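Residue numbers (this note's numbering), protein chains in the order written: chain A, 1 to 215; chain D, 216 to 430.
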DNA sequence: CTCTAGCTGTGAAATTTGTCACAGCGTGAA
DNA sequence: TTCACGCTGTGACAAATTTCACAGCTAGAG
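Now the structure itself:
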């Protein structure tokens, strides 16, 4: 079994390699990639073991080939098909980001329960009423659902999407979803992350002050 | 030393307890809190060890007292003071979420380099030009910076904020920031999270199909 | 009061995750 | 062609994190 952390790092390598390729880098060593990703060289080599790509001593990894291997490993050469549920301010922000920018994320449809928001397009993405969720996703081959509804709605939304055959979610609502073990949820709780950052900020800040006092 | 994961869970417990209290729950057992947080009861008890609050066999944890202890541990009874840099679509979404909604996050000021966006208020938060970043944060006691600028700008923005004495960041830009060891960065890379969810979605989906085929 | 059921707090074990260190290999130099 | 340098791939080790399992305690029953 392959761990979440490894996957996170691999996606990171992927985006770093994309960057490097645009800068014309053809080969890269584990320690260079490690510097970019802020991890250790050993970690990079370990991670790359799992995708089965082999580098070359003396020349390192071939950027293009490695990217190819990563693409194949993730198997999303045509982009990742997603739907977004909840066209509030965060939902709109994501639509504007992913519909305009180029990344391999494709938002195929958006949903909202508010009739004021449905029936039109936002950032080029069609917004459907929640009532048509089931039938609409049946027509699409969607890999991942983006949940940007209020916390109180989140559970019923994922339940519906799971029934529609979706096995992966990114949940922006500040609640823990209840899902069967065949479904993956990545929680992106902004409030929680800020609290975490604030906690360590304070502890680092105090430590710094102490050290200065000792001088 | 206390781990990031523990802190994340503790902030989660905090928000769950808030919820429970509004529902009139006065006491809670480790297994109940564990169910809500989707962790094991042992994990809950371990985590609560670090904040020094003791429950009571037979009655469990007193919700109010535990909340009090958590507040004290995090020491943010007056809210977490933050600034936001980058008033793009994501920045605006965060402003609208945190300026209106009730949470203990306080965005004291926003900054942007685009003169079209500065000098006015968005969702009740004043937007200053980037040039005034240094002087403005000197007047405020800010714990945490929210980075919602494009990736290409992110590094110089955090450098400036670090000079201004900020030790904690939540970074929404898809780059890894270079910071001294006295500074904490929490990366919230939406693209990376979607890719991760998509990867596991596919692997779970395949596994499910296999199992159905075996029947 | 005494007893008991069922919880908490916590050493110790298990598991997961990351690092070390080195054998082996391929490239470029001579 | 041969040699040596320096990188990769990986077994073995170390650290971090989670789970187990049980002693000890306390509220409530009798």
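For glycine and all other residues, C-beta sits at the position ideal for the given N, C-alpha and C. Because the structure is a prediction, the values reported are computed rather than measured.
- Contact with chain D is absent for residue 125 of chain A, since none of that chain's Cβ atoms lies less than 8 Å from the residue's Cβ.
- Assigned with DSSP and collapsed to three states, residue 140 of chain A falls in coil, not helix or strand.
- Rounded to the nearest whole angstrom, the C-alpha separation of residue 343 of chain D and residue 300 of chain D is 9 Å.
- DSSP places residue 104 of chain A in the coil class of the three-state scheme, outside both helix and strand.
- Residue contact with chain D for residue 157 of chain A: absent (no Cβ-Cβ distance below 8 Å to any residue of chain D).
- If you ignore the 5 residues before and after residue 185 of chain A, its C-beta comes within less than 7 Å of the C-beta of 169, 171, 177, 179, all in its own chain and listed in chain order.
- For residue 202 of chain A, the residues of chain D that pass the 8 Å Cβ criterion are 290, 358, 382, 383, in the order they occur in the chain.
- Annotation for residue 341 of chain D: no alpha helix (DSSP H) segment contains it, though the beta strand (DSSP E) segment containing it runs 340-344.
- Excluding sequence positions up to five before and after residue 136 of chain A, its CB lies within less than 7 Å of the CB of 109, 128, all in the same chain and listed in chain order.
- Listed along chain D are 307, 308, 311, 312, each with a C-beta nearer than 8 Å to that of residue 89 of chain A.
- By the neighbour-count criterion, in which 16 or more other beta carbons inside 10 Å mark a residue as buried, residue 245 of chain D falls on the buried side.
- Between the alpha carbons of residue 292 of chain D and residue 230 of chain D lies a gap of roughly 14 Å.
- In the structure shown, the three-state DSSP call for residue 382 of chain D is coil.
- Going by DSSP, residue 399 of chain D is part of no alpha helix (DSSP H) but of the beta strand (DSSP E) stretching over 399-402.
- Unbroken alpha helix (DSSP H) runs of no fewer than 4 residues, entirely contained in the segment 25-104 of chain A, are found at 30-37, 41-51, 63-74, 89-100, following chain order.
- Selection D/413, D/419, D/427, D/421 evaluated against residue 81 of chain A yields D/413 as nearest (Cα-Cα).
- Residue pairing by DSSP puts residue 327 of chain D in a beta bridge opposite D/344.
- Annotation: residue 73 of chain A to residue 51 of chain A spans about 6 Å, alpha carbon to alpha carbon.
- Judged by beta-carbon spacing, residue 369 of chain D lies beyond the 8 Å limit of residue 377 of chain D, meaning their Cβ atoms are not closer than that value.
- When 7 Å is used as the limit between beta carbons, residue 295 of chain D is near these residues of chain A: 194, 195, 198, in chain order.
- When DSSP states are grouped into helix, strand and coil, residue 147 of chain A belongs to the strand group.
- A direct Cα-to-Cα measurement between residue 5 of chain A and residue 43 of chain A gives close to 11 Å.
- Within 10 angstroms of the beta-carbon of residue 235 of chain D lie 16 or more other beta-carbons, which makes it buried.
- A Cβ-Cβ contact shorter than 8 Å links residue 337 of chain D with residue 310 of chain D.
- At least one CB of chain D lies nearer than 8 Å to the CB of residue 190 of chain A.
- Taking C-beta atoms as the reference points, residue 308 of chain D and residue 120 of chain A fail to come closer than 8 Å.
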